[in-house]
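Mapping of the sequence shown onto the UniProt record's numbering: position 163 corresponds to residue 163, and the numbering continues sequentially without gaps. Ideal Cβ placement from N, Cα and C applies to all residues, glycine included.
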Amino acid sequence: MSNEASGKSGGQKAWVSLITDKSYVPGLLVLLSSLKHHGTKYPMVAMVNWLRKDDLTERLPQEYRDILTSAGVILKEVDYLIPQGGGYLGVEARFVDSWSKLRAFGLSEYERVVLIDSDMLVRKNMDELFDLPLEEGWIAASHACTCNPMRIPHYPPYWIPATCGHTHAKPAESGPDALCTAFQPEPESVITLHSINSGIVVLEPSDELNDRVIYGLHTDPQVTTYGFPDQDFLSNHFKNRIKFLGYEYNALKPMRKCHSATWRDENVRNVHYIFKDKPWVLPEGTSELDEQFHVVHGWWWDEWRRLEADKKGEKWWRLVVDLTTVGTGFKGLTARN
């Protein structure tokens, strides 16, 4: 992958992730390793907050920024973003930083970006997302899974399998490269069928689109009610302008069980390790991990070992190890993440 910036006129495209805390450095490095392993030709850009003497600086100090740069990540400093009037924590305090993911719409030097969360693992090359036909002013993303299979009490009561977009998807035909046919909702469809999971969002940044998104964020009267900040905002702001992708591009780990009729291990392009228990938080095979997640967490540790073999000779590698359960200095993820 090349880090050379060629400008929008040259068709520059990139994977883009937001990282606001050093505790997510292992996740981002494993994600990058998996992208490279599966032959992506596009660079990884990480949006980070400006260095300053406050809490944000302490959460992602310069030494960890240097680690990311050394690993081949391009850093883009962006202003911290919250809606006017407050941060609106949503259903969990750890989501407050996610508003800043919307800064991706302002990366107008890029023709197209794929916004990708750092708690993901690429299992197949998915560079095709950069050539996906997309109407002007639209985004592409996979549905949120609104089944609530873990019975999380603070999730909306109307999150049930019958109203989940993935329930209405058409399973893929046979073959390792096959994709399911994502459900495309009608304008009058229930709200959950218009809901995306923002772990993967395909978008084409521009000054005009960025202005509309930021203005919408600061004026949307529903912002205070959003349980999943950027995700609910994007679902509402781009309603009827979303091209829904198959689950394979954003395979939420619980779906392996709750959507077993659709899920195929061999077809998954990208796994999303949602919930607070990230793979690097719990030791591989730990009894604390729900049994249904052992396989998908094992995939992450396989990629970790590949990364370790490549980077263990670097002076900074021990700092990364200490952010995981492998390291003796591990203290877990911060409350905000």
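Task: At least 3 beta-carbon pairs within less than 8 Å: the stretch 181-192 vs the stretch 57-73 - done: no
Task: Minimum Cβ-Cβ distance from Pro187 to chain B less than 7 Å - done: Within the model displayed, chain B is absent; a lone protein chain is all it includes.
Open item on the list: Using a Cβ-Cβ cutoff of less than 6 Å, which residues in the same chain neighbour Glu204 once the five nearest sequence positions on both sides are dropped?
Closed with: Arg112
- [ ] Give the straight-line distance between the Cα atoms of Gln231 and His143, rounded to the nearest whole angstrom.
- [x] 10 Å
TODO: Report yes or no: do three or more beta-carbon pairs, one from the stretch 119-129 and one from the stretch 211-229, lie closer than 8 Å?
DONE: no
Task: Proximity winner among Glu109, Gly106, Pro83 and Leu107, relative to Asp97 (alpha-carbon distances) - done: Pro83
- [ ] Below 8 Å on the Cβ atoms is my guess for Ser70 versus Met44; work out the distance and round it to an integer in Å.
- [x] No, Ser70 and Met44 are not in contact; Cβ-Cβ is about 13 Å, not under 8 Å.
Task: Sequence-distant residues of the same chain with beta carbon closer than 6 Å to Leu35, five excluded per side - done: Val122
Task: Neighbour-count burial assignment, His166, 16 or more Cβ in a 10 Å radius - done: buried
Open item on the list: Checking 7 Å against the spacing of the C-beta atoms, do Asn125 and Gly39 come in under that value?
Closed with: yes
TODO: State buried or exposed for Asp21, treating a residue as buried only when at least 16 other CB atoms are found within 10 Å of its CB.
DONE: buried
Open item on the list: Need the endpoints of the alpha helix (DSSP H) that Ala309 sits in, please.
Closed with: His294 to Lys311
- [ ] Pick out whichever of Thr324, Glu208 and Leu132 has its Cα sitting closest to the Cα of residue 338.
- [x] Because the chain is modelled from 1 through 337, residue 338 falls outside the range shown and cannot be assessed.
Open item on the list: On the CB-based measure, 16 or more other CB atoms within 10 Å of its CB, does Met150 come out buried or exposed?
Closed with: exposed
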